[in-house]
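With UniProt numbering, you'll find the sequence shown wraps up at 198, consecutive numbering, no jumps. Note that the Cβ used here is the ideal one computed from N, Cα and C, for glycine as well. All values reported here derive from a predicted model rather than from experimental measurement. Data first, discussion second: the structure below is written as structure tokens.
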Amino acid sequence: MLLVVLGGISWHAQPGAGGTDSPARAHAPGPAGGSPAAPGDVPDALPTAAPAPTRAGAPVEITVPSLDVRADVRPVRTVGGLLVPPSNPAVLGWWAAGARPGDPRGTALVAGHTVHAGGGALDHLADLRPGDRLTVTTTRGELRYAVRSVRTFTKGTVAERAETLFGQRGPGQLVLVTCADWDGERYLSNVVVVARPG
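In structure tokens, the structure reads:
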């Protein structure tokens, strides 16, 4: 069972046949919003340069060399209140209503199936270590990320820390999520990997 609550979005999936997770229930949040910078946050003496062009785009592939993973990514949306990840466990799902990889703010959430017998794209996600690199190929080019943290949380802890883990207001980041701790009937936990551009 995968439960991801992201600032108003809850993703709740029951394991399907063969021990994979399946459709998830989601509730769309309101606009992310934010507050303008306070006067004096940026010294007037700084030269004004055009902002660096962003290469933010919809992800189409994620490569994780240390795990020997190269997986296609498909956008997933809510349909009748359900967030439906790709049925193929080798394909990852990007929550298309959230941030895109490369966006300067917000979490680009990518979730994938874990298959307890093997074959899921994120079966070994917990083996990543801080500093490991991954590449996201988007519709606008390649983006490189470095893993910042790899943590396993119980489902309840994921729900409690949802705004911190999956919020759309902080700096741009990529979060990969999959299930963990198969007990023979269901998954008890989630592996959450946070990666930042770099």
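Contacts around P104, its chain only, beta-carbon distance under 6 Å, and the 5 residues preceding and following it disregarded: For P104, where only same-chain residues beyond five positions count, the Cβ hits under 6 Å are G172.
For T137 and T178, the rounded distance between their alpha carbons: A straight-line Cα-Cα distance of about 20 Å links T178 and T137.
Per DSSP, cross-strand counterpart(s) of G141: Answer is T138.
Proximal residues to S149 (C-beta, below 6 Å), its chain only, five neighbours per side dropped: Correct list, in chain order: V194.
Distance, I62 Cα to V147 Cα: One alpha carbon belongs to V147, the other to I62, and they sit about 13 Å apart.
Bridge partners - G93, DSSP secondary structure assignment: Here G93 is bridged, per DSSP, to R74, A111.
Distance between R140 and A56 (C-alpha atoms, nearest Å): One alpha carbon belongs to A56, the other to R140, and they sit about 7 Å apart.
For E61, the residue or residues it bridges with in DSSP: DSSP output for E61 lists D72, T137 as bridge partner(s).
Cβ-Cβ distance between G119 and A90 below 8 Å: In contact: G119 and A90 (Cβ atoms closer than 8 Å).
Through-space distance from T152 to A180, alpha-carbon basis: The alpha-carbon atoms of A180 and T152 are separated by roughly 8 Å.
Nearest-angstrom Cβ-Cβ length linking A108 and L92, presumed shorter than 8 Å: Actually they are not in contact, since the Cβ atoms of A108 and L92 sit about 11 Å apart, beyond 8 Å.
Rounded Cβ spacing between residue 217 and A58 (contact assumed at less than 8 Å): Outside the shown range of the chain (1 to 198) lies residue 217, about which nothing can therefore be said.
Residues bridged to A180 (per DSSP): Assignment of beta-bridge partners to A180 by DSSP yields S189.
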